[in-house]
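Enquirer:
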Amino acid sequence: MSYKKKSTRNVKPGRKREKWTDILPRYLTFISHMRPILRETRRLIIDLDADLLLDTEILDKIRQEEEKRNIRKVRALSEFSAMYRSNVYDIIKDFIIKYREKIPIIDIKDYILDFLHESVNALNILRHITNPDELNLENTYLYQLVKFIESKLFPRGATLKIIYNKLLQQSVDIYECQRHLLQSHTYYREKLESLEYFEVPSISPKVYQIINNITSLYNLDPNFGEYPEKENHEIPMILKNDIFLPYVDSIANPEEEAIEKIAERLGLRLVDGIFLAPQEDFVDLLLENNFLRENKQSDGTIRYYPQFSNETLVLYYLAFASQRRGFLSKELINWISMNFSFLIYMGILKWKLSDENIFYAIFKDLQTNEKVLPYLMKLICFPNYLGLDKMKIRDSVQYRKEIFNFIGSQIDNLKDFIYEISLYCEKLENNNIKK
C-alpha cells in the first residue's frame, strides 16, 4: 500500500513570488508597441509633401490605413495601440491647425519630425533601461538612477544616525520631496494601530498634525525632567495627553500602543507613562545638529532647550522607515516605489524631450502611465535596488489610477528634482560615451 507523504511546511496561499524574468517582459510590452508607432509615423511624414499636411484629412486617411495593417494581437495590446496611434495623430493635427497661419508649413513639418525623433529616443532609453539577465546591472540606467534618487530620498546606512545625517544634508534642496515620500495619498487605508508591531505606515494628515503639535509644544512651552542616561542633565518633555488626547476616541490598549509606536518613529519615548521625551540616540542627533541648546542652571544642571521644526521629526521618521524598509506597510511600499518609478520615468523624458515637445502629454497620460509604471515599480523593489517587498505592490487597475492621480509634479521641489535627475542622465550618457 503506497501513500503520499504529507508536507510539514506551512505555505501561505497567495500569489507566486515573481522573478525578474517574469516582470521585465511585462514592463517592455507596451513600450515595445509605442516605439514602432512613433517610428512609422515619422517615416510616413518624412515621405509626405509638406503642403499636404495642410489638409488634416490626409492624416486621418493615413492613420486608418495603418490601423488596417495591424497584425493580430492580444486585445489589450490592440486597444492600447489604437488609442496611442489615435492620440499621436490628434496631437499632430492640433499642432498643424494651431500654427499653420503663423509658421511656414515646411517648418511645421520639421518640428513634428524633431519631436517624433526625440520621443523615439526617449522610448529607446526606457526600453533598454536594464538588462534581461541582470548581468552588469551596476552600469544600467535603472540601477544608477535608483541609487542616485535613493541617496537623496531614502538612503541606506549602518545606523539610524548615519541615515538621518544623509537626509539632513539633502534636505536643504529637496525637503519637500522627502516629506512627500512619506505622505501616501491612500493614507485612509492605513490603521493607526497595526496588527504587526514592526510595520511602519505612511504619515497620514492626522500624524502630521501630531508632529506639528509636538514641535509647537517643545519650542513654546516644554517641561524639563531628569535625563536618565546622563547625571545632572535635563531634557525637554511634553505631556503625552496634550498631544494625543484629541485623537484618542477612548482610552483603550490599541490607542495606547499606537501612541508608543508613533513616538518611537519620531525619536521619542514615553517617560513614566505621562511625558514624551527624546530618546538617547535622538538627543545625540539633536545636539550634533544644534537642534538642542545647552543652558547651565544656577544649581549646575545642564538643561537642553529644543530649537527644531517639523522637518527635524519628519526626517527622523523617514530615516526610521529607510532603516526598517523590510517592515513597511503595503500603502507606503506602493507609494515609495511609485514615486521612484515616476521620478525615473519623468527624469528620462526631461532629458530626452525638449520642453516644447508636443508629445510630452501622451507620455504623461494616465492611460500610458498605468501600462508602464506598475512594472517599473516592481523592478525597483528587487534586492539590488530598494529591497522592498514587491509582493505588496497592488495590481488593481482602480488602485493604480488612484495613486497615479496624486503623483504629478505639482510640487515645485519635485519639478526641480526631476530636472536634476535629467542632468544626471546626461552625465551617465557622457560617461558611457567616454568608455
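Those letters in the sequence shown? Residues 1415 to 1849, by this note's numbering. Just so it is clear, CB atoms sit at the ideal spot from N, CA and C, and this is done for glycine as well.
Look up Ile1761 in the DSSP assignment and say whether it is helix, strand or coil.
Expert: Looking at the sequence shown, residue 1761 is not Ile but Gly. Three-state result, Gly1761: helix.
Enquirer: Tell me whether the beta-carbon of Ile1835 lies closer than 8 Å to the beta-carbon of Ala1536.
Expert: For Ile1835 and Ala1536, no; Cβs fall outside 8 Å.
Enquirer: For Arg1456, which of Glu1493, Glu1564, Leu1790 and Ile1506 has the nearest alpha-carbon?
Expert: Measuring from the Cα of Arg1456, the nearest candidate turns out to be Ile1506.
Enquirer: Applying the criterion that 16 or more other CB atoms from any shown protein chain within 10 Å of the CB defines a buried residue, is Ile1437 buried or exposed?
Expert: Classification of Ile1437: buried, given that the 10 Å Cβ count is 16 or more.
Enquirer: Alpha carbon to alpha carbon, what distance is there between Ser1751 and Ile1476?
Expert: Ile1476 and Ser1751: Cα-Cα distance of roughly 40 Å.
Enquirer: Measure how close the beta-carbons of Phe1741 and Leu1787 come, nearest whole angstrom, since I'm counting them as under 8 Å.
Expert: Not a contact, Cβ separation roughly 24 Å.
Enquirer: Just tell me which of Arg1499, Leu1729 and Leu1828 has its CA closest to the CA of Tyr1622.
Expert: The shortest C-alpha separation from Tyr1622 is found at Leu1729.
Enquirer: Taking all protein chains shown into account, do 16 or more other C-beta atoms lie within 10 angstroms of the C-beta of Ile1588, making it buried, or fewer, making it exposed?
Expert: By the neighbour-count rule (16 or more Cβ atoms within 10 Å), Ile1588 is buried.
Enquirer: Pull up the CB-CB distance for Ile1772 and Asn1501, whole angstroms please, since I reckon it's below 8 Å.
Expert: With 8 Å as the limit, Ile1772 and Asn1501 do not qualify as a contact, their Cβ atoms being about 11 Å apart.
Enquirer: Can you find the residues in the same chain that come closer than 6 Å, C-beta to C-beta, to Leu1559, ignoring five residues on each side of it along the sequence?
Expert: Hits under 6 Å: Ile1758.
Enquirer: Within 10 angstroms of its Cβ, does Asn1667 collect 16 or more other Cβ (buried), or is it exposed?
Expert: Summary for Asn1667: the model assigns pLDDT 48, below 50, so the residue's position carries little reliability, and this model does not support an answer.
Enquirer: Buried or exposed for Ser1416, going by 16 or more other Cβ atoms inside 10 Å?
Expert: Bear in mind that a pLDDT of 45 at Ser1416, under 50, signals an unreliable position, so the number given afterwards is only what the model happens to contain. Exposed is the call here.
Enquirer: Below 7 Å CB to CB, which residues in the same chain sit around Ile1520 once its five sequence neighbours on both sides are set aside?
Expert: The answer, listed in chain order, is Ala1464.
Enquirer: Please name the residue, chosen from Asp1524, Asn1845, Leu1700 and Asn1844, that lies closest to Tyr1578 on a Cα-to-Cα basis.
Expert: When only C-alpha atoms are compared, the closest one is Leu1700.
Enquirer: Evaluate Asn1703 with the Cβ neighbour count: other Cβ atoms within 10 Å of its Cβ, from every protein chain shown; 16 or more gives buried, anything less gives exposed.
Expert: It counts as exposed.
Enquirer: Assign Gln1592 to one of two classes, buried (16 or more other C-beta atoms within 10 Å of its C-beta) or exposed (fewer than that).
Expert: With 16 or more other Cβ atoms within 10 Å, it is buried.
Enquirer: Tell me the DSSP secondary structure of Pro1636 in three-state form.
Expert: DSSP places Pro1636 in coil when its eight states are reduced to three.
Enquirer: Quickly, what does DSSP pair Lys1710 with across the bridge? List them, please.
Expert: Bridge partners of Lys1710: Ile1716.
Enquirer: Would you say the beta carbon of Ser1616 comes nearer than 7 Å to a heavy atom of the ligand MG?
Expert: Among the ligands in the structure shown, none appear at all, so the ligand MG cannot be discussed.
Enquirer: From the DSSP output, in three-state form, read off Ile1543 for me.
Expert: It is coil, neither helix nor strand.
Enquirer: Excluding sequence positions up to five away, which residues of its chain have a Cβ less than 6 Å from the Cβ of Phe1529?
Expert: So the qualifying residues of the chain are Asn1771, Ile1772 and Phe1773.
Enquirer: I need the straight-line Cα distance from Ile1617 to Phe1638, nearest angstrom please.
Expert: Roughly 28 Å between the two C-alpha positions.
Enquirer: How would you label Ile1673, buried or exposed, when you count the other beta carbons within 10 angstroms and need 16 or more for buried?
Expert: Buried.
Enquirer: If you compare alpha carbons, which of Thr1544, Val1534, Leu1467 and Lys1804 is closest to Pro1518?
Expert: Closest by alpha carbon: Leu1467.
Enquirer: What residue from Asp1635, Lys1575, Tyr1813 and Phe1509 has the CA that sits closest to Gln1737's CA?
Expert: Selected option, being the one with the closest Cα: Lys1575.
Enquirer: In whole angstroms, what is the alpha-carbon distance linking Val1811 and Met1760?
Expert: One C-alpha to the other measures close to 21 Å.
Enquirer: Which two residues bound the contiguous alpha helix (DSSP H) that contains Gln1460?
Expert: The identity of residue 1460 in the sequence shown is Ile, whereas the question assumes Gln. From DSSP, the alpha helix (DSSP H) with Ile1460 extends over Trp1434 to Asp1461.
Enquirer: Alpha carbon to alpha carbon, how far is Asp1547 from Thr1435? Give it in angstroms, no decimals.
Expert: Between Thr1435 and Asp1547, the C-alpha separation is close to 8 Å.
Enquirer: Does the separation of the CB atoms of Glu1745 and Pro1615 fall below 8 Å?
Expert: Closer than 8 Å, so yes.
Enquirer: Look up Ile1665 in the DSSP assignment and say whether it is helix, strand or coil.
Expert: Confidence at Ile1665 is low in this model, with a pLDDT of 42, below 50, so its placement is unreliable and no value can be given for it.
Enquirer: Can you name the start and end residues of the beta strand (DSSP E) that Ala1691 belongs to?
Expert: From DSSP, the beta strand (DSSP E) with Ala1691 extends over Phe1689 to Pro1692.
Enquirer: With Leu1684 and Lys1654 assumed to form a contact (beta carbons below 8 Å), what rounded beta-carbon distance in angstroms separates them?
Expert: With a Cβ gap of about 6 Å, Leu1684 and Lys1654 count as contacting.
Enquirer: Three Cβ pairs or more, each shorter than 8 Å: is that satisfied between the region 1793-1805 and the region 1442-1455?
Expert: The region 1793-1805 vs the region 1442-1455: no contact.
Enquirer: Let's see if you can read the secondary structure: which residues bound the beta strand (DSSP E) around Pro1650?
Expert: Per DSSP, Pro1650 belongs to the beta strand (DSSP E) from His1647 to Leu1653.
Enquirer: Does the Cβ of Ala1677 have 16 or more other Cβ atoms within 10 Å, making it buried, or fewer, making it exposed?
Expert: Ala1677 comes out buried.
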